[in-house]
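Q:
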Ligand code: HAS
């Protein structure tokens, strides 16, 4: 891609991988504290570190990596940016970076130990919210540049099918733009005035509902770039083709439609929301599982077709034909495998009765360490192995490829131990987000200790995995030999058929998305405001 666009991508990557260093270190400390064997030095608080961990990994690493990746795929598939577009994107990048520095400063000062979900009535210093708002608004700038480039391509190539990755980048950003309206609303209209002292009270239920309106699509915003790689990049790496262009586009459309109006599945135990609307959003949650099952089907089809082309026999013969020694394949593939138990855990969470068992236990932490911190992150690492050298004009050497394979194994082993222990301890009632306690010698809680130790062991292995990844990143960015690394993009297979034009009808899909959101949220919102407890003055914004 054009060197100026590559620079923009790399700027995002530097912040993302620096965030990995800080966030994973904070993660290690948490597992050590929870094991009861270590206490934090110098008055550092458990919740301070936990906030840092969640914000830096869940919001900073992901957002910067994703925007950097989308900037690159858009430039590669739709063509280089105009200088005007590039300027807007840089403005967005600097705004986001300023926001990160501001937010991180207040977390480190222990003025914002409110966790990454910043639930009211926990109150942070206004600087924390201002920083978050800057990150969000900056990301909108980059998002609009991605839309603009796609729209220009359509104008320049009237009537043609848009490049698949460019289309997927647009859906990923659309979801983000629509979802972040919720968090921007709660931050700007509720939290900021409240923490600045302009208002005395805050409507807790409204703030949590707006947060989860954003919080669930947030996790799909993490997942979609991984799906972009699974659909359009991995087939090229295995030497195959994209199974179906329309199926890939349809699954992205379905994810856009159904991933926003489902926030209530994070609030199933919350009073003040009518059970009917919780039920409706649970039904929509089960609908959003469908595009993931379509993705699983499509991936198996791609792998099997390629395996058979290479002479594979039997039901699973294709497994033997995959390029296991190529880390660009291995890391995302292991990510896919982990998504099977990770996704199954999600279905358990979404089932109302089972949610009563697992909600607020460390099971949920286990769930998102499988989905976000394994499936998604291993795929992001898999992308980094070719993206970074292809941006910096270097080559992924055999040695770094080998280290990448070691990294993938170390990460998987560490996560299996840590996340496995989290799931089990959660089923025994172990709470999430709590520092070490002996619970006054309570017999039931005594059994949790062994799981906490297992989590500390898993966390330490993951820390080693993080160091290996950073060494590889620095090598690929600054020291690997100069050369031309492939930016792998697969072509669509012959059996794919023609893609229906309706899949590119943005007015239709945005319209349906908005209609679904209004349907799922309007009446519950009116209820929440009308049914506010007596004396609370209803919808308290000012
Ligand atoms: Fe979740 C909580 C439900 C997916 C992340 N989730 C969280 C939180 C996070 C998170 C961060 O309904 C915690 C938030 C907090 O701090 O409180 N989740 C779901 C459901 C899905 C799901 C139904 N979650 C994700 C993904 C995440 C993520 C993806 C991040 C990236 N989640 C919940 C619920 C809660 C929740 C409740 C609230 C719990 C509570 O009470 O607090 C679904 O989207 C999952 C669908 C996925 C599948 C798997 C398909 C498999 C594929 C792989 C194919 C493999 C191949 C290789 C081809 C059905 C695509 C095969 C090779 C072989 C050799 C076998």
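In my numbering, the protein residues as written are 461 to 1002. Just so you know, even glycine gets a beta-carbon here, dropped at the ideal spot from N, CA and C.
#1: Below 8 Å between beta carbons: does that hold for residue 646 and residue 626?
#2: Classify residue 721 as helix, strand or coil using the three-state DSSP reduction.
#3: Look up residue 854 in the DSSP assignment and say whether it is helix, strand or coil.
#4: So, residue 567 versus residue 508, is the Cβ gap smaller than 8 Å?
#5: With a cut-off of 8 Å, do at least 3 Cβ pairs link the stretch 525-538 to the stretch 612-631?
#6: Check whether the stretch 853-868 touches the stretch 787-800, taking contact to mean three or more Cβ pairs, one atom from each stretch, closer than 8 Å.
#7: Give the straight-line distance between the Cα atoms of residue 624 and residue 879, rounded to the nearest whole angstrom.
#8: Residue 942 bridges to which residues according to DSSP?
#9: Do you know whose CA, among 538, 597, 651, 671, lies nearest residue 637's CA?
#10: Can you check which of these residues, 882, 802, 846, 469, is closest to residue 693 by C-alpha distance?
#11: Can residue 795 and residue 834 be called in contact, C-beta distance under 8 Å?
#12: Given this structure, state the Cα-to-Cα distance separating residue 477 from residue 521, to the nearest angstrom.
#13: Would you mind stating whether residue 683 and residue 836 have Cβ atoms separated by less than 8 Å?
#14: Figure out for me which residue from 530, 529, 519, 539 has the closest Cα to the Cα of residue 556.
#15: Using CA coordinates, which residue listed in 943, 798, 479, 714 is at the minimum distance from residue 856?
#16: Taking three-plus beta-carbon pairs below 8 Å as touching, is the stretch 884-899 in contact with the stretch 492-501?
#17: What does the alpha-carbon distance come out to for the pair residue 516 and residue 827?
#18: Can we say the stretch 646-657 touches the stretch 581-594, given the rule of at least three CB pairs closer than 8 Å?
#19: What number of angstroms, rounded off, separates the C-alpha of residue 528 from the C-alpha of residue 472?
#20: Between residue 520 and the ligand GTP, is the CB less than 7 Å from at least one heavy atom?
#21: Sorry if obvious, but does the Cβ on residue 952 come closer than 7 Å to a heavy atom of the ligand HAS?
#22: On the CB-based measure, 16 or more other CB atoms within 10 Å of its CB, does residue 752 come out buried or exposed?
#23: Out of curiosity, what's the CA-to-CA distance linking residue 572 and residue 595?
#24: In whole angstroms, what is the alpha-carbon distance linking residue 578 and residue 671?
#25: Within the same chain, show all residues whose beta-carbon is closer than 7 Å to that of residue 764, passing over the 5 residues directly before and after it, in chain order.
#26: Taking only three categories from DSSP, how would you classify residue 999?
#27: Just to confirm the assignment, what range does the alpha helix (DSSP H) spanning residue 819 have?
#28: Return the CA-CA distance between residue 652 and residue 659, expressed in angstroms with no decimal places.
#29: So, for residue 469: in the same chain, excluding its five sequence neighbours on each side, which residues have a beta-carbon less than 7 Å away from its beta-carbon?
#30: Are residue 875 and residue 822 close, meaning C-beta to C-beta below 8 Å?
#31: What's the call for residue 900, buried or exposed, on a 16-neighbour Cβ count within 10 Å?
#32: Let me confirm a value: residue 998 is counted as buried when at least 16 other C-beta atoms fall within 10 Å, else exposed. Which label applies?
#33: Out of curiosity, what's the CA-to-CA distance linking residue 792 and residue 872?
#34: Tell me whether residue 959 is buried or exposed, calling it buried when 16 or more other Cβ atoms sit within 10 Å of its Cβ.
#35: Quick one: is the Cβ of residue 702 within less than 7 Å of any heavy atom of the ligand HAS?
#36: Would you report the Cα separation of residue 973 and residue 718, rounded to the nearest angstrom?
A: On the basis of the data shown:
#1: no
#2: coil
#3: strand
#4: yes
#5: yes
#6: yes
#7: 34 Å
#8: 854
#9: 597
#10: 846
#11: yes
#12: 7 Å
#13: yes
#14: 519
#15: 943
#16: yes
#17: 19 Å
#18: yes
#19: 5 Å
#20: This structure lacks the ligand GTP; its bound ligands are the ligand HAS.
#21: no
#22: buried
#23: 16 Å
#24: 9 Å
#25: 778
#26: Confidence is the limiting factor: at residue 999 the pLDDT is only 44, short of 50, which leaves the residue's position unreliable and the question unanswerable from this model.
#27: No alpha helix (DSSP H) holds residue 819; DSSP gives it neither H nor E.
#28: 9 Å
#29: 528, 531, 532, 851
#30: no
#31: exposed
#32: Because residue 998 sits at a pLDDT of 45, beneath the cut-off of 50, its placement in the model cannot be relied upon, and the following sentence gives the value as read from the coordinates. Classification of residue 998: exposed, given that the 10 Å Cβ count is below 16.
#33: 12 Å
#34: buried
#35: no
#36: 8 Å
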